[in-house]
Amino acid sequence: MNLQLTADGRLRHLLTLDGLPRAILTQILDTAESFMDVGEREVKKVPLLRGKSIFNLFFEPSTRTRTTFEIAAKRLSADVVNLNIATSSQTKGEAILDTVDNLAAMHADMFIVRHSQSGAAHFIARNVAPHISVVNAGDGRHAHPTQGLLDMFTIRRYKGAFHNLTVAVVGDVLHSRVARSQIHALTTLGVPEVRVIGPKTLLPAGVEQMGVQVFHNMEDGLRDCDVVIMLRLQNERMKGALLPSAQEYFKFFGLTPGKLALAKPDAIVMHPGPMNRGVEIDSEVADGPQSVILPQVTYGIAVRMAVMAMLAGGNG
Amino acid sequence: MKIHIRHGRVVDPCNQHDGLADVFVAAGKIVAVGAAPADFHANRVIDATGLVVCPGLVDLSVRLREPGFEYKATLESEMLAAAAGGVTSLACPPDTDPPLDEPGLVEMLKFRAKNLPGPRVYPIGALTQKLDGKLLTEMAELREAGCVAFTQADAPLTDTQVLLRAMEYAATFGFSLWLRPQDVFLARGGIAHDGAIASRLGLPGIPALAETVALATILQLARATGARVHLTRLSTRDGIAMVRAAKAQGLAVTCDVATPHVHLCENDLIGFDSHLHLTPPLRELRDRDAIREALRDGSIDALCSDHTPVDEDEKQVPFGESSPGASGVELLLPLTLKWAREMGAPLTKAIDLVSWKPAQILGVSSGTLSVGSCADICVFDETAEWVVTSRTLASQGKNTPFLDQPMQGRVRYTLIDGHLDFEAH
Chain A
9 MNLQLTADGR LRHLLTLDGL PRAILTQILD TAESFMDVGE REVKKVPLLR GKSIFNLFFE
69 PSTRTRTTFE IAAKRLSADV VNLNIATSSQ TKGEAILDTV DNLAAMHADM FIVRHSQSGA
129 AHFIARNVAP HISVVNAGDG RHAHPTQGLL DMFTIRRYKG AFHNLTVAVV GDVLHSRVAR
189 SQIHALTTLG VPEVRVIGPK TLLPAGVEQM GVQVFHNMED GLRDCDVVIM LRLQNERMKG
249 ALLPSAQEYF KFFGLTPGKL ALAKPDAIVM HPGPMNRGVE IDSEVADGPQ SVILPQVTYG
309 IAVRMAVMAM LAGGNG
Chain B
421 MKIHIRHGRV VDPCNQHDGL ADVFVAAGKI VAVGAAPADF HANRVIDATG LVVCPGLVDL
481 SVRLREPGFE YKATLESEML AAAAGGVTSL ACPPDTDPPL DEPGLVEMLK FRAKNLPGPR
541 VYPIGALTQK LDGKLLTEMA ELREAGCVAF TQADAPLTDT QVLLRAMEYA ATFGFSLWLR
601 PQDVFLARGG IAHDGAIASR LGLPGIPALA ETVALATILQ LARATGARVH LTRLSTRDGI
661 AMVRAAKAQG LAVTCDVATP HVHLCENDLI GFDSHLHLTP PLRELRDRDA IREALRDGSI
721 DALCSDHTPV DEDEKQVPFG ESSPGASGVE LLLPLTLKWA REMGAPLTKA IDLVSWKPAQ
781 ILGVSSGTLS VGSCADICVF DETAEWVVTS RTLASQGKNT PFLDQPMQGR VRYTLIDGHL
841 DFEAH
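Residue numbers (my numbering), protein chains in the order written: chain A, 9 to 324; chain B, 421 to 845.
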């Protein structure tokens, strides 16, 4: 049973890009395209979700993702409630399901969920009333589907298509929900060569079974790439048993102008943010002409509008 | 009380018996198999036509949750569940609260169990005080109180010097150590098998190496000390191969696996059902297949349920936050029969794995229908179909990955010490 799709194949929840059909991914990207101009209007609003209540349910703190979801919901005219549960009920020991049931009783239509545990969004989706949709805004190391989608949107905008690309995902794939969502989206959309590059300590077991080629050095991995996606290295991983130091990591896996020169001349550089300048990426690259890191943020709003509109439309 | 079980198919692995026969019970003993003894007048006749009559099952791991975890399950509920599952003897691990590390606690448990209907309870004593892996328990005192072996259960024993001393000390008295091989450092932080599925699901991994590295240490120490070691809950193909090789070299070591690991693997985790959060983790298909084959060729000596009733609230959370373990004492028989059907193994072999063999490991005289032995008997319908639901399970723990699944094989009668402790309606 696919929790994410209705019996007739429409989007019911957005929990992961793993197993989502290409037609749905493309539909989301096309819908996002149609929302691109809303942000440029004088009145940045469309009435699609007027009267709908969307709850941002963040069990793990986040400013950036929560804000983009909030803006996206408001541009669709929905009512948005932000709950920073990391600092409220959960610390009082309330069970997740009690929180969810309470909010459902307030006639919520959609939950945007972030949680530190892989599978948390699935868990909530399995336990909500039939009229409520769940959007996974990041669960543990598992998935961050809207980030994956906005990255695909960015790639399509700059490269036009997917079928002729070589894409490298660089860095801490092991702990990255973003990387997993990107890899599923890239392979589903028909990118013929998806590479992951990183030290063996930061690549998950059996990663090649996700349909990627594995590289342990940047020189081989970046060669002739069309798209280079850098991953954030969490502070707590920079020193210890996984990596000896941030300096050594930057030397071997940080993206510098010299290493980027190995990719195609028109290659684009992406990063889900927030960046660690001088750890995974050199400022010269981050701020350089090949960087599309800021447009990614802008596109993120259109993509999240598309997801919410499709979910609300599918259930309304 | 005299009981006559008639016209059943008697399957008794210890005596290599499989055929229609009558069984006669008097004064808690089996007094005859076949023809009735002279002057036998039954108080009760059980018609076992179309049913299988076998030794009562011996389950090497059933958590009764007392003392300390009565909100998860009680002695009453779990002894009843065990009897309903055809289990007449069970070993309970010491991971209670407090753990079974003092003779008084063991005596209390034995006393409580003795006064309840249901199976014989054999406590496994804690190997170290508070199960903290540092100081040895008073093993000889615990033995006198009723402990049949010593274990850390799932608690880590990181200090290899303590493990060496524990083996030497146990070997002094001929006590058996039950050890679950898992290197605590390699398993640290993990909640699922470290493989392609856990990678996809973003679940922190426990590598197969955690089992084999620990196993190498245990086998070396067992060789050096001559300690009697029983390895519990093996989960990997490579681990099984190591045990097989050690046995071939003449090391007197035995091992068991838990029933979920015979039927499930990492692929079942897709969907994040917390009922599949088990210890050790469900591993790859090839590991599951190796377990199934090793049960057939005898490399694995026994099957147990590893019955772990968990409060529903502890499973109604995301996978990684859930308590590991599955309720299973009532599924021991049907899941063993399922293995036998799927592998084409004879019924005697299946029953052997859950009666005679585990009784040998426990060092008790159960698991047989030999004349003169205690009348611990299970009578079951091999073909009866039923569905696992919270209502069909007697255990207080409804946490099983087999929920809503059909089972084949159901216990009709359980006799313990000649008493009819369970009778299906």
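Ideal placement from N, C-alpha and C gives every residue a C-beta, glycine not left out.
None of these values were measured; they are calculated from a predicted model.
Residues that residue i contacts on chain B, provided the C-beta gap is smaller than 7 Å
i: A/A128; result: P738
i: A/Q217; result: A616
i: A/R203; result: Within 7 Å Cβ-Cβ: nothing; A/R203 doesn't reach chain B, min ~16 Å.
i: A/R149; result: G622
i: A/P212; result: S619
i: A/D26; result: R620
Where residue i sits in the DSSP three-state scheme
i: B/T674; result: strand
i: B/I690; result: coil
i: B/S497; result: helix
i: A/M313; result: helix
i: A/V287; result: coil
i: A/Q221; result: strand
i: B/P826; result: strand
i: A/L157; result: helix
i: B/A770; result: helix
i: A/G324; result: Annotation note: pLDDT 36 at A/G324 (below 50); position unreliable, coordinate value reported separately. DSSP places A/G324 in coil when its eight states are reduced to three.
i: B/N819; result: coil
i: B/V482; result: strand
i: A/V202; result: strand
i: A/T75; result: helix
i: B/S619; result: helix
i: B/I720; result: coil
i: B/C567; result: coil
i: A/L268; result: helix
i: B/K449; result: strand
i: B/S596; result: strand
i: A/E216; result: helix
i: A/V181; result: coil
i: B/G646; result: coil
Neighbouring residues, chain A, relative to residue i (Cβ below 7 Å)
i: B/G659; result: Those do not exist, as B/G659 stays about 17 Å from chain A at its closest Cβ, beyond 7 Å.
i: B/F570; result: Ordered by position in chain A, no residue passes the 7 Å Cβ test against B/F570, which lies about 33 Å from the chain.
i: B/L623; result: S126
i: B/G745; result: Result: empty, since nearest Cβ-Cβ is about 18 Å, beyond 7 Å.
i: B/E741; result: Q125
Within-8 Å CB hit, residue i to chain E
i: B/L606; result: No chain E appears in the structure shown, which is made up of the protein chains A and B.
Neighbour list for residue i in chain A, Cβ cutoff strictly below 8 Å
i: B/D733; result: A103
For residue i, the residue or residues it bridges with in DSSP
i: B/Y542; result: B/A511
i: B/L477; result: B/V507
i: B/W806; result: B/M827
i: A/E64; result: Reading off the sequence, residue 64 of chain A comes out as Asn, not Glu. For A/N64, which the question treats as bridged, DSSP gives the partners A/N90 and A/I120.
i: B/R426; result: B/D467
i: A/N144; result: A/V121
i: A/V5; result: Since the displayed chain A opens at 9 and closes at 324, residue 5 of chain A lies outside it and no answer follows.
i: B/C794; result: B/K449
Check: residue i C-beta below 7 Å from any heavy atom of the ligand FAD
i: A/D147; result: Ligands are entirely absent from the displayed structure, and the ligand FAD is therefore not among its contents.
Contact list for residue i against chain A, beta-carbon separation under 9 Å
i: B/G691; result: M9, L11, G127, H130 and R134
Take every Cβ of the segment 722–730 of chain B, pair it with every Cβ of the segment 674–688 of chain B, and state whether three or more of those distances are shorter than 8 Å. The segment 674–688 of chain B and the segment 722–730 of chain B touch, with three or more beta-carbon pairs separated by less than 8 Å.
Review point. Do three or more CB pairs link the segment 198–209 of chain A to the segment 221–235 of chain A at distances below 8 Å?
Key: A contact exists between the segment 198–209 of chain A and the segment 221–235 of chain A.
- Query: Would you say the segment 510–530 of chain B touches the segment 468–487 of chain B, given that touching needs at least three Cβ pairs under 8 Å?
  - Reply: Taking 8 Å as the limit for Cβ pairs, the verdict is that the segment 468–487 of chain B does touch the segment 510–530 of chain B.
For the segment 549–567 of chain B and the segment 575–593 of chain B, state whether three or more C-beta atom pairs, one from each stretch, are separated by less than 8 Å.
-> Touching, yes.
task: Can you give me, in chain order, the residues of the segment 111–126 of chain A that have a beta carbon less than 7 Å from any beta carbon in chain B?
output: Using a CB distance below 7 Å, the part of the segment 111–126 of chain A facing chain B consists of H123, Q125 and S126, ordered along the chain.
Quiz item: Does the segment 275–285 of chain A touch the segment 295–302 of chain A, meaning 3 or more C-beta pairs lie closer than 8 Å?
Solution: In short, these stretches touch, since the Cβ pair count reaches three.
Should the segment 711–718 of chain B be called in touch with the segment 680–692 of chain B, which here means at least 3 C-beta pairs below 8 Å?
Contact between the segment 711–718 of chain B and the segment 680–692 of chain B is established, with three or more Cβ pairs separated by less than 8 Å.
Counting Cβ pairs, one atom from each stretch, are 3 or more of them under 8 Å apart for the segment 285–293 of chain A and the segment 48–60 of chain A? The way I'd put it, the segment 285–293 of chain A doesn't touch the segment 48–60 of chain A; fewer than three beta-carbon pairs between them come closer than 8 Å.
request  = Residues of the segment 129–144 of chain A with a CB closer than 7 Å to any CB of chain B: list them in chain order, please.
outcome  = Within the segment 129–144 of chain A, the qualifying residues are H130 and F131.
- request: State whether the segment 121–139 of chain A contacts the segment 161–181 of chain A, with contact taken as three or more CB pairs (one from each stretch) at a distance under 8 Å.
  value: The segment 121–139 of chain A is not in contact with the segment 161–181 of chain A.
- Query: Are the segment 153–164 of chain A and the segment 22–41 of chain A touching by the rule of at least three beta carbon pairs closer than 8 Å?
  - Reply: Cβ pair count under 8 Å is three or more, so yes.
Pairing CB atoms from the segment 437–444 of chain B with CB atoms from the segment 741–755 of chain B, are three or more of them under 8 Å? Output reads no: the segment 741–755 of chain B does not touch the segment 437–444 of chain B.
Short of 9 Å Cβ to Cβ, which residues in the segment 182–201 of chain A face chain B? Within the segment 182–201 of chain A, the qualifying residues are L182, H183, S184, R185, R188 and H192.
### Task
Would you check if the segment 459–469 of chain B and the segment 771–789 of chain B touch, i.e. whether three or more CB-CB distances between them fall below 8 Å?
Result no; under three Cβ-Cβ pairs closer than 8 Å.
Practice item. Pair every Cβ in the segment 727–742 of chain B with every Cβ in the segment 759–772 of chain B, then say whether three or more of these pairs are closer than 8 Å. Key: Taking 8 Å as the limit for Cβ pairs, the verdict is that the segment 759–772 of chain B does not touch the segment 727–742 of chain B.
- Pair every Cβ in the segment 786–799 of chain B with every Cβ in the segment 823–840 of chain B, then say whether three or more of these pairs are closer than 8 Å. Taking a cut-off of 8 Å for Cβ pairs, the segment 786–799 of chain B and the segment 823–840 of chain B touch, as three or more such pairs fall below it.
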